[in-house]
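These notes are about the structure you will find just below.
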Amino acid sequence: MKFNYLKIKDVCDFVGGSQPPKSQFIYVSKPGYVRLIQTRDYKTDAFPTYIPISSTKKFCDEFDIMIGRYGPPIFQICRGLKGAYNVALLKVIPKEGVSRDFLYYFLKQDSVFQYVDKLSARTGGQTGVDLVSLKEYPVRIPEEIECQEKLVTILSVIDKKIALNNRINTELEAMAKTLYDYWFVQFDFPDANGKPYKTSGGKMEYNATLKREIPAGWNDSILGKFIELDRGVTYSKEDVRTQDDKDTIGILRATNVTGNNVDIDDLVFIPSSRVNVNQMLNKFDILIVMSSGSKEHVGKNGVYYFEKKHAFGAFCSKITPVRKYRYFINTFLQSKWFKSYINNQCLGTNINNLTNTHITNCEIICPTPDVVALFENKMMPIYNKLASNTQENSHLIQLRDWLLPLLMNGQVTVK
Numbered sequence: 080m081k082f083n084y085l086k087i088k089d090v091c092d093f094v095g096g097s098q099p100p101k102s103q104f105i106y107v108s109k110p111g112y113v114r115l116i117q118t119r120d121y122k123t124d125a126f127p128t129y130i131p132i133s134s135t136k137k138f139c140d141e142f143d144i145m146i147g148r149y150g151p152p153i154f155q156i157c158r159g160l161k162g163a164y165n166v167a168l169l170k171v172i173p174k175e176g177v178s179r180d181f182l183y184y185f186l187k188q189d190s191v192f193q194y195v196d197k198l199s200a201r202t203g204g205q206t207g208v209d210l211v212s213l214k215e216y217p218v219r220i221p222e223e224i225e226c227q228e229k230l231v232t233i234l235s236v237i238d239k240k241i242a243l244n245n246r247i248n249t250e251l252e253a254m255a256k257t258l259y260d261y262w263f264v265q266f267d268f269p270d271a272n273g274k275p276y277k278t279s280g281g282k283m284e285y286n287a288t289l290k291r292e293i294p295a296g297w298n299d300s301i302l303g304k305f306i307e308l309d310r311g312v313t314y315s316k317e318d319v320r321t322q323d324d325k326d327t328i329g330i331l332r333a334t335n336v337t338g339n340n341v342d343i344d345d346l347v348f349i350p351s352s353r354v355n356v357n358q359m360l361n362k363f364d365i366l367i368v369m370s371s372g373s374k375e376h377v378g379k380n381g382v383y384y385f386e387k388k389h390a391f392g393a394f395c396s397k398i399t400p401v402r403k404y405r406y407f408i409n410t411f412l413q414s415k416w417f418k419s420y421i422n423n424q425c426l427g428t429n430i431n432n433l434t435n436t437h438i439t440n441c442e443i444i445c446p447t448p449d450v451v452a453l454f455e456n457k458m459m460p461i462y463n464k465l466a467s468n469t470q471e472n473s474h475l476i477q478l479r480d481w482l483l484p485l486l487m488n489g490q491v492t493v494k
């Protein structure tokens, strides 16, 4: 396999996005509009934005390589979404004879990130990619495009498996939500005869606290009776260590909470002595964001699916459900009702912080123990599969990131 030694400016071009005025934004798709892709959309689908197709000429598809221009974190390499794209993104256009997949994986190397991060200056309070410097970065690239694609095939296979696991998890999460809504919102849990309770004429009683009818024998309660709540560890820049230092522990932050779960990427490491046992996450604990500069992030929460013990920062809290109510509470915290509660109690009053009282005093329906036990049994295999897929993806990401520089610098060859 022959290689050429070039620079990034020799193998691709960059095209910036456009920024229509916010007055044109809508948040539900309709004819004549296109999704406006923003950097955050590559992490979560929670906040889609749409603009008139006529308002932009900058479009991307799911195969295009996109670069997040501003941080933190700077220089995010993304792909997978179709629409228009805003000024915070750059589209990478491979030149003739250059494989898009090869270029995608080349740019995702940590060595490229470190180069860009070091040389990029702060502009307007944000760290922006220094394109002049990026274009000068050296590229070792196979001469033939077929060889470029062959070189990154294994990385593509790993990413496809990660994507498959993510799709399965999305379906499992939707199943869990549907079952929760069916049982605890519509009240069509199985009655003594295995038939839907409310639809089959089950007795309902008005509950003044919850301001709605609930099944006879059920009660209202507060979340604090079903959980333990612990705030995260406070640390300073002076406490930060490297992952290779002895007696350290990884700290998760608000950015580690995405969708319905928690990832263990981009951790900060501090001395283990700074952390007490209650500030360590256990499998199936929930990490919730208690404070953030952005209101939309306050109250977001996800399940921790890992066996390895990590801690979490002071902007977050750990929610540990009572064991018999584990999946009931986990699913409740992802419900529309809980999200609406957080919005009404905190965000609606311009408060960017949650207190323990906000969480523990949250009103919650309290089903009879037999219904909860049946729900827990049905949810257990769903949550176990979610955990298994999430753990596998974490291992696959580590494998991919280990292989990537070895393939690019020739330490590992492909025949």
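Here the numbering used here runs 79 ahead of the position in the sequence shown, where the first position is 1. Glycine included, C-beta positions come from ideal geometry on N, C-alpha and C. Keep in mind it's a predicted model, so treat the numbers as computed, not measured.
State the Cα-Cα distance for the pair D323 and D196, rounded to the nearest angstrom.
The C-alpha of D323 lies about 21 Å from the C-alpha of D196.
Alpha carbon to alpha carbon, how far is L230 from V218?
A straight line joining the alpha-carbon of L230 with that of V218 spans about 14 Å.
Leaving out five residues before and five after G392 in sequence, what residues of the same chain have Cβ atoms less than 6 Å from its Cβ?
For G392, where only same-chain residues beyond five positions count, the Cβ hits under 6 Å are G311, I330 and R332.
Selection from V347, Q413, V354 and P350 that minimises the alpha carbon distance to L366
Taking L366 as reference, the option from V347, Q413, V354 and P350 with the minimal CA-CA separation is Q413.
Here's a check: name, in chain order, each residue in its chain whose Cβ is nearer than 8 Å to the Cβ of M254, leaving out the five neighbours to either side.
If we look at M254 and ignore the five residues flanking it on each side, its Cβ neighbours are I461.
Please work out which residues of its chain come closer than 6 Å, Cβ to Cβ, to T202, disregarding the five sequence neighbours upstream and downstream, and give them in chain order.
The predicted position of T202 is uncertain, since its pLDDT is 49 and thus under 50; no value can be drawn from it.
Counting C-beta neighbours from all protein chains within 10 Å, is the total for Q117 16 or more, i.e. buried, or is it exposed?
Burial call: buried.
Nearer than 8 Å: is that true of the beta carbon of P127 relative to any heavy atom of the ligand GDP?
Absence of the ligand GDP is noted for the structure shown, with no ligands found whatsoever.
I'd like the list of long-range same chain contacts for N83, defined as Cβ closer than 6 Å, with 5 residues on each side in sequence excluded.
Hits under 6 Å: I220 and E222.
When you compare the CB positions of I132 and Y112, do they come within less than 9 Å of one another, or not?
Yes, the pair counts as a contact, with Cβ atoms nearer than the cut-off.
What is the DSSP secondary structure of P152, counted as helix, strand or coil?
Taken through DSSP and simplified to helix, strand or coil, P152 comes out as coil.
If you run the structure through DSSP and keep just helix, strand and coil, what is H437?
Helix.
Touch test, the stretch 294–305 against the stretch 335–342, Cβ-Cβ under 8 Å, three pairs minimum:
Under the three-pair Cβ rule at 8 Å, the stretch 294–305 does not count as touching the stretch 335–342.
Could you give the distance in angstroms between the alpha-carbon of L486 and the alpha-carbon of F268?
Each residue's Cα considered, the two are about 53 Å apart.
Quick check on DSSP: helix, strand or coil for R158?
R158 sits in coil when the DSSP states are folded into three classes, being neither helix nor strand.
Have a look at the DSSP bridge pairing and note the partners of T399.
DSSP lists E307 as the bridge partner or partners of T399.
Have a look at the DSSP bridge pairing and note the partners of I293.
In DSSP, I293 forms a bridge with E284.
Which of the three DSSP states is assigned to V264 in this structure?
Reduced to three states, the DSSP call for V264 is coil.
DSSP state of N357 mapped onto helix, strand, coil:
Correct three-state label for N357: helix.
Would you mind sorting L483 into buried or exposed? The rule is 16 or more other CB atoms within 10 Å of its CB.
Classification for L483: buried.
Taking C-alpha atoms, which residue in K240, D364, R148 and Q155 lies nearest to V208?
Measuring from the Cα of V208, the nearest candidate turns out to be R148.
Identify the residues that DSSP records as bridge partners of K86: which are they?
Answer by DSSP bridge pairing, in chain order: P217.
Helix, strand or coil, according to DSSP, for E141 in the structure here?
In the structure shown, E141 adopts coil according to DSSP, grouped into three states.
Measure the Cβ-Cβ separation of N272 and N472 and say whether it is below 9 Å.
Note that the C-beta distance between N272 and N472 is not below 9 Å.
Span separating the alpha-carbon of S419 from that of E442
Their backbone Cα atoms lie some 12 Å apart in a straight line.
Going by DSSP, what residue range makes up the beta strand (DSSP E) through P173?
Here the beta strand (DSSP E) through P173 covers L168 to P173.
In whole angstroms, give me the CA-to-CA distance for P448 and E455.
One C-alpha to the other measures close to 10 Å.
Within the continuous alpha helix (DSSP H) that includes P460, where are the two ends?
It spans P448 to N488 - the alpha helix (DSSP H) in which P460 sits, taken as one unbroken run.
Pull up the CB-CB distance for N165 and L115, whole angstroms please, since I reckon it's below 8 Å.
Between N165 and L115, the beta carbon gap of about 6 Å places them in contact (Cβ cut-off 8 Å).
N-terminal and C-terminal residue of the alpha helix (DSSP H) that S300 is part of
Residue range N298 to I301 is occupied by the beta strand (DSSP E) that includes S300, with no alpha helix (DSSP H) assigned at that position.
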